[in-house]
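Written below as structure tokens is the structure these notes are about.
Chains as they are written, first to last, in this note's numbering: chain Z, 1 to 204; chain P, 1001 to 1211.
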């Protein structure tokens, strides 16, 4: 009996997460569809002024996102002058590079960009665990072998954050702010394992 | 009678075809004289202050992305593009540098290390100076419509071609000044910059080109 208690205690401890987002919270098995509504309207051209800070470098441009049809998004980044920097397409689980400027045409850069923007536009996700925090519900989902945590505010049932993580470390946080009618007018993508932040402000 | 009917209908068809196609190619002589007039006008230009509207067309969007601002040029090679709507952003081409002010965040890019921007810089300065008739880098075509001259430049240079496939400049027939720039990345996606309220050869302080 004593051994059983100890083992149960261990089990309980191991189910407790070490990630800051779910620290001291116990996840319950939960299969729910989590909707990211921010790039879900086919009629809207989602155009954002982007400011990118990487290391000590600042550069900017326009990030243009468009839902072409269900499970199909186009993500294009241009300079303020209008020249394309990259042009990606996400179709179901497929990823297509329509264009990328020579300087960025490197596998690790394309992969990093792919991961970030796939997570940003991916609309439906099925949760595996649900955490009940004080002000938020946090849903753990899986995409490409990465754990993604969707943070929904309890107050208005709105998606406010997505956190991409490995088992032990949070890698990147997407914060949705200034939200109105399923449109987030200020979005921040912040990497935690290297120094890069992308700030997006809606202009269209 | 039949001949007359045939003649009139043929004429009507020709006229309607012409109004559909709108632009016609210039003769060799006409092209040469237009080119010379543009170069002469550009050489007399010491400064330009102009408003501009930029329209970015992407085939998959439901409408074009519009941004507006001011352009300041001072001979021989100072240029400032200042966007003020719907975002604040300015870029100064100065010496071998790009000076950027992105809504208060200032940075610079060394053009000698950045081929794409260097190409863009050269292209803009040469277009403003009327010095872009480089037949080694471009296949050049001279056209006109009812109001303007239209000169198109198709990139032959490989490094230029990778980011700009073709560009078209629209010149006023009377003043020989650039009214419009159309930059085509592909046949589907392009950017149009239209100039208005141009002030020519007014005094422009060098301080404008400090970041």
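For glycine and all other residues, C-beta sits at the position ideal for the given N, C-alpha and C.
Alpha-carbon to alpha-carbon, residue j and residue i
i	j	result
residue 1104 of chain P	residue 120 of chain Z	27 Å
residue 203 of chain Z	residue 48 of chain Z	5 Å
residue 1068 of chain P	residue 147 of chain Z	42 Å
residue 111 of chain Z	residue 117 of chain Z	10 Å
residue 1041 of chain P	residue 1075 of chain P	13 Å
residue 1111 of chain P	residue 1118 of chain P	5 Å
residue 1093 of chain P	residue 51 of chain Z	20 Å
residue 1211 of chain P	residue 1108 of chain P	9 Å
residue 1064 of chain P	residue 80 of chain Z	14 Å
residue 1088 of chain P	residue 1062 of chain P	24 Å
residue 1081 of chain P	residue 84 of chain Z	18 Å
residue 1053 of chain P	residue 1066 of chain P	7 Å
residue 102 of chain Z	residue 1056 of chain P	22 Å
residue 1164 of chain P	residue 1184 of chain P	6 Å
residue 1045 of chain P	residue 1077 of chain P	12 Å
residue 1043 of chain P	residue 1037 of chain P	10 Å
residue 194 of chain Z	residue 59 of chain Z	17 Å
residue 144 of chain Z	residue 138 of chain Z	19 Å
residue 54 of chain Z	residue 197 of chain Z	7 Å
residue 89 of chain Z	residue 77 of chain Z	12 Å
Buried/exposed call for residue i, threshold 16 Cβ in 10 Å
i	result
residue 142 of chain Z	exposed
residue 31 of chain Z	exposed
residue 57 of chain Z	exposed
residue 1169 of chain P	buried
residue 1177 of chain P	buried
residue 1029 of chain P	exposed
residue 1155 of chain P	buried
residue 1032 of chain P	exposed
residue 184 of chain Z	buried
residue 70 of chain Z	exposed
residue 166 of chain Z	exposed
residue 74 of chain Z	buried
residue 104 of chain Z	exposed
residue 1090 of chain P	buried
residue 124 of chain Z	exposed
residue 1201 of chain P	exposed
residue 170 of chain Z	buried
residue 205 of chain Z	Lying before the first or after the last residue shown, residue 205 of chain Z is absent from chain Z, which here runs from 1 to 204.
residue 22 of chain Z	buried
residue 173 of chain Z	buried
residue 26 of chain Z	exposed
residue 1121 of chain P	buried
residue 136 of chain Z	buried
Helix, strand or coil at residue i [DSSP, three-state]
i	result
residue 1129 of chain P	helix
residue 184 of chain Z	strand
residue 153 of chain Z	strand
residue 18 of chain Z	coil
residue 1094 of chain P	strand
residue 1146 of chain P	coil
residue 1030 of chain P	helix
residue 125 of chain Z	strand
residue 1040 of chain P	helix
residue 120 of chain Z	helix
residue 1207 of chain P	helix
residue 113 of chain Z	helix
residue 104 of chain Z	helix
residue 1050 of chain P	strand
residue 197 of chain Z	strand
residue 1124 of chain P	helix
residue 1001 of chain P	The pLDDT assigned to residue 1001 of chain P is 49, lower than 50, so where the model puts this residue is not dependable, and the model offers no usable value.
residue 1112 of chain P	helix
residue 1159 of chain P	helix
residue 95 of chain Z	strand
residue 1088 of chain P	coil
Contact test: residue i Cβ vs the ligand NAP heavy atom, cutoff 7 Å
i	result
residue 25 of chain Z	Questions concerning the ligand NAP fall outside what the structure shown contains, since it holds no ligand whatsoever.
Proximity test, Cβ basis, 8 Å: residue i and chain B
i	result
residue 43 of chain Z	In summary, chain B is missing from the structure at hand, where the protein chains are Z and P.
Q) Can you find at least 3 beta carbon pairs, one from the region 1038–1058 of chain P and one from the region 1196–1204 of chain P, that sit closer than 8 Å? A) yes
(Q) Taking beta-carbon pairs under 9 Å, can you tell me which members of the region 66–86 of chain Z lie near chain P? (A) 66, 68, 74, 76, 78, 79, 80, 81, 82, 83, 84
Q | Residues within the region 95–116 of chain Z neighbouring chain P, beta-carbon criterion of under 9 Å | A | 99, 101, 102, 103
Q. Closer than 8 Å, Cβ to any Cβ of chain P: which residues of the region 48–65 of chain Z, in chain order?
A. 49, 51, 57, 58, 59, 60, 62, 64
Q) Relative to chain Z, which residues along the region 1050–1065 of chain P have a C-beta separation below 7 Å, given in chain order? A) Flagged, chain order: 1054, 1056, 1058, 1060, 1061, 1062, 1063, 1065.
Q: Report yes or no: do the region 88–107 of chain Z and the region 1133–1147 of chain P share at least 3 C-beta pairs separated by less than 8 Å?
A: no
Q | Near-chain P residues of the region 177–195 of chain Z (beta-carbon distance less than 8 Å), N- to C-terminal order | A | none
Q: Would you list, in chain order, the members of the region 1079–1095 of chain P that have their beta-carbon closer than 8 Å to a beta-carbon of chain Z?
A: Against chain Z - using a Cβ distance shorter than 8 Å - the residues of the region 1079–1095 of chain P are 1081, 1083, 1086, 1087, 1089, 1091.
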